[in-house]
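Colleague:
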Amino acid sequence: MKYPLTIISFILLFLGFSCKPNNREEIAEIQLKSIGQTSLMIDETTPDFSMGLQYFESGQEMVFNINWTTNSLQMYDLENGELIKNIQFEREGDQGVGELMAFHVHTMDSIFLFPFGTSYFSLADTSGKVKKRFGYEAPENHTPGFVHNISYISPPIVKGNEIILKTRPAIVSNYNEMSNEMLAKSHLTFRLDLDSLKTTLLPQFYPADYLEKGTKRFDFSMVKEDGKLVYSFFGDHNLYWAENLEGPLKSIDGRSTFLNEALPLFPKGGPALESQKYSFASSRYENLLYDRYQEVYYRFAYPDLEVETEGEVRALRNNPGPFVVMVFDKELKLLGETYFEGGKYLPMNAFVGKKGLYLSTNNPDNPKNQEDKMGFEVYFLL
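Convert by adding 1 to the 1-based position in the sequence shown; the result is the number in the numbering used here.
Structure follows, in structure tokens:
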């Protein structure tokens with residue numbers, strides 16, 4: 002069973018390259034190299050396009066997959082690809098969790114479940130038992146916590162009896178109403194006390210000049226590992242980082258040589274096709290992942306594409322074409338970037354495991370795509 006393309010397109014929206022490499026003082030040459038393939042065996046209720054994957058190591062290497070159709074989480078043994086357990090959740094009632102959108106496995110006994118567009122979430126374990134629900138008021142002028150497992154991934158940060166969640170500005174109804182000054186005062190995260198349910202906006206903000214040249218999408222990906230918090234924004238070459246959740250953000254050049262030096266701006270007015278081309282066919286940055294085994298960051302970037310019709314843009318919503326994986330060390334120094342042609346991978350379905358970076362091979366244009374499996378090619382830094 003497949004998710005309708007309209008559903009996938011809505012989530013990704015809600016949520017040949019045409020440029021020459023930039024000159025740099027140092028040319029990074031380290032590349033990602035394929036070291037093999039693996040797969041997860043799926044049943045007829047499970048699409049091969051996942052709406053959320055998470056690697057988790059607890060005595061064995063596991064991958065959790067969210068299945069919107071059945072409102073469940075699936076646990077797979079990564080080594081043999083077999084399903085370990087299907088964890089079914091009720092939508093309503095005493096054990097109801099709503100319509101699942103995203104999840105975060107903190108421990109095997111602490112799995113956070115996030116429904117669509119609400120200011121509440123649940124805590125469960127691998128038995129499927131809902132242990133507690135949390136309802137809270139969104140911070141002033143900001144959205145409730147926004148958790149998603151494939152688009153601008155920003156995993157919750159759980160510390161004792163508090164959780165830190167990504168948020169977005171809620172003071173305007175569309176991009177073109179946001180000024181640079183307004184966005185620069187918008188917070189990136191908030192802290193939620195799991196006992197009192199009180200929220201506190203944390204003092205880290207959008208870059209002060211993010212909208213200085215014009216309107217852009219506000220999306221960002223965030224990761225916290227090894228004591229460092231790092232942000233990657235849709236329309237900014239730089240990476241931003243801090244040593245803790247409340248320290249000031251510092252910037253460092255993180256540009257890809259495959260993207261335009263002048264990142265595009267959100268079109269004002271004009272046909273809808275132009276705004277769709279901006280979102281899906283222009284130079285941009287998306288997910289940021291951390292590899293704790295190799296101690297590197299992976300930043301996914303997308304070069305400009307030449308598209309002319311609505312059909313071509315519509316196809317890119319689910320099959321984004323060529324992409325680049327940039328690799329940065331712990332100090333955010335660029336080690337290298339690897340260009341991937343379109344038509345083989347689904348970069349939204351990527352995760353990091355002990356063996357390396359797993360890229361989904363379930364691209365609909367891939368002639369080797371097998372719909373009864375979630376296939377992955379494993380890449381290692383060499």
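Note that beta-carbon positions come from the ideal geometry of N, C-alpha and C, so glycine has one too.
This one's a predicted model, so the numbers in the text were calculated from it and none came from an experiment.
Can you tell me whether DSSP reads PHE281 as helix, strand or coil?
Modeller: Reduced to three states, the DSSP call for PHE281 is helix.
Colleague: In terms of residues, what are the limits of the beta strand (DSSP E) holding ARG300?
Modeller: 297 to 303 is the span of the beta strand (DSSP E), which, as asked, contains ARG300.
Colleague: With DSSP run on the structure shown, which of helix, strand or coil describes GLU311?
Modeller: It is helical.
Colleague: In terms of residues, what are the limits of the alpha helix (DSSP H) holding MET183?
Modeller: Its alpha helix (DSSP H) spans residues 181 to 185.
Colleague: Using a C-beta cutoff of 9 Å, does VAL131 count as contacting chain B?
Modeller: Considering every chain present, this structure includes no chain B. It has just one protein chain.
Colleague: Compare the Cα-Cα distances from SER284 to each of TYR207, PRO323, SER51 and report the closest residue.
Modeller: If we check each option's Cα against that of SER284, PRO323 comes out closest.
Colleague: Quick test of the definition: if touching needs 3 or more C-beta pairs under 8 Å, does the region 233 to 246 touch the region 168 to 180?
Modeller: They do not touch, by the three-pair rule.
Colleague: If you measure between the beta carbons of SER233 and LEU184, is that distance less than 9 Å?
Modeller: Against a cut-off of 9 Å, the Cβ pair of LEU184 and SER233 comes out as no contact.
Colleague: Using the three-state DSSP reduction, which class does GLU275 fall into: helix, strand or coil?
Modeller: The answer is helix: DSSP assigns GLU275 an H, G or I state.
Colleague: Here's a check: name, in chain order, each residue in its chain whose Cβ is nearer than 6 Å to the Cβ of SER51, leaving out the five neighbours to either side.
Modeller: Same-chain partners within the cutoff: ASN66, ASN350.
Colleague: Any idea what DSSP makes of TYR176, helix, strand or coil?
Modeller: TYR176: helix per DSSP, three-state reduction.
Colleague: Starting from GLN75 and walking both ways along the beta strand (DSSP E), at which residues does that stretch end?
Modeller: Note, GLN75: beta strand (DSSP E), 73 to 78.
Colleague: Less than 9 Å between the beta carbons of LYS334 and ASN364, yes or no?
Modeller: No, Cβ-Cβ distance for LYS334 and ASN364 is not below 9 Å.
Colleague: Less than 9 Å separating the beta-carbons of PHE117 and PHE104?
Modeller: Cβ atoms of PHE117 and PHE104: not closer than 9 Å.
Colleague: In whole angstroms, what separates the C-alpha of LEU203 from that of SER257?
Modeller: The straight-line gap from Cα to Cα measures roughly 29 Å.
Colleague: Just to confirm before moving on: does the CB-CB distance between VAL308 and LYS278 stay below 9 Å?
Modeller: Result yes, Cβ atoms of VAL308 and LYS278 sit closer than 9 Å.
Colleague: Beta carbon of LEU260, beta carbon of VAL328: below 9 Å?
Modeller: Contact flag unset, no.
Colleague: Let me know the secondary structure DSSP gives LEU203 once reduced to three states.
Modeller: Coil, per DSSP.
Colleague: When DSSP labels each residue in this structure, what does ALA103 get in the three-state scheme?
Modeller: If DSSP states are grouped into helix, strand and coil, ALA103 belongs with the strands.
Colleague: DSSP state of ARG169, grouped into three classes?
Modeller: In the structure shown, ARG169 sits in coil (DSSP, three-state: anything other than H, G, I, E or B).
Colleague: So, at 6 Å on beta carbons, what are the nonlocal neighbours of GLU430 in its own chain, with the 5 sequence-adjacent residues on each side left out?
Modeller: With the chain running from 2 to 383 in the structure shown, residue 430 is simply not present.
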